[in-house]
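Under my numbering, the residue at position 76 of the sequence shown is numbered 57, and the numbers go up by one with no gaps.
See below for the structure under consideration.
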Amino acid sequence: MLAKAKEERPRGAFEASYDLVKAEVTLKLPRCVFSLGETIEGVVLVKPSKSFRVDELKVDALHHAEIIPEAILKQPILSFTDFRGSDVTAFPPTILERGVEFIEGIESEFPFRYKIPSVQRPSCKTKYYKANWFLRVISKRKHRPDEKASFRIVVANELN
């Protein structure tokens, strides 16, 4: 039996930074709580510590849900092959810019709009289950792994 879920609802504007290898990425949002299916409008700021070029700069959403098996199962999990109860879903990105050249020390600003899908569960946490949402800023470069800056946001069923 699952306990009643409590939705997390922090208040106020959201601004957070994430350090990547060659730049600091800052995400600015008008608030930190959004509803399922809502379009988020915000700004991504990139402040490079070295000059570099990216083929694509984009924003996407990631939903991570996890059942906490230790709270449900009577027998402890003994190996990595046992049930972990984790589900991660990445949603299609919004491309902010293609072929971007970043110059050391010069901050660049990228306004964006991203619609949160309405098909997943809202952010919540119980004794047995937790679900988190992340907005990710992704820089894509040819022949190199993508660099991702992940920012946790709260997504509720509805806003009051």
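For every residue, glycine included, the Cβ atom is placed at its ideal position computed from N, Cα and C.
Because the structure is a prediction, the values reported are computed rather than measured.
Residues in the same chain with beta-carbon distance under 8 Å from G18, minus the five sequence neighbours each way, listed in chain order, please. So the list reads K96, I97, P98 and S99, once near-sequence residues are dropped.
In whole angstroms, what separates the C-alpha of D63 from that of T107? Caution is warranted here: a pLDDT of 49 is assigned to D63, below 50, making its placement in the model unreliable, and the coordinate value is therefore given only provisionally. Near 22 Å, if we compare the C-alpha coordinates of T107 and D63.
Using 8 Å as the threshold, is the C-beta distance between S32 and E85 below it? Going by C-beta atoms, S32 is nearer than 8 Å to E85.
Bridge partners - F72, DSSP secondary structure assignment: Answer is none; F72 lacks a bridge partner.
Would L77 pass as a contact of V40 if the rule is Cβ separation under 8 Å? With respect to the 8 Å criterion, L77 and V40 are classified as neighbours on the basis of their beta carbons.
Secondary structure at P98, three-state DSSP: helix, strand or coil? Of the three classes helix, strand and coil, the one that applies to P98 here is coil, per DSSP.
Are the region -6 to 8 and the region 103 to 121 in contact at 8 Å, needing three or more beta carbon pairs? In short, these stretches touch, since the Cβ pair count reaches three.
Please state whether DSSP places E5 in a helix, a strand or coil. Residue state, collapsed to three classes: strand.
Anticipated Cβ contact below 8 Å, E128 with L26, distance rounded: The C-beta separation of E128 from L26 comes to about 15 Å, leaving the pair out of contact by the 8 Å criterion.
Starting from N113, trace the beta strand (DSSP E) both ways and give me its first and last residue. Boundaries of the beta strand (DSSP E) harbouring N113: Y110 to K121, taken from the DSSP string.
Pull up the distance between the alpha-carbon of L10 and that of K28, whole angstroms please. A straight line joining the alpha-carbon of L10 with that of K28 spans about 17 Å.
Under the rule that 16 or more other beta-carbon atoms within 10 Å means buried, what is G(-7), buried or exposed? With fewer than 16 neighbouring CB atoms inside 10 Å of its own CB, G(-7) falls in the exposed class.
Can you tell me the Cα-Cα spacing of D43 and A71, whole angstroms? It should be noted that the sequence gives Leu, not Asp, for residue 43. The straight-line gap from Cα to Cα measures roughly 4 Å.
Report the three-state DSSP secondary structure of A(-3) (helix, strand or coil). A(-3) falls in the strand class under three-state DSSP.
May I ask you to report which of helix, strand or coil DSSP gives I87? If DSSP states are grouped into helix, strand and coil, I87 belongs with coil.
Proximal residues to S(-2) (C-beta, below 6 Å), its chain only, five neighbours per side dropped: So the list reads E5 and T7, once near-sequence residues are dropped.
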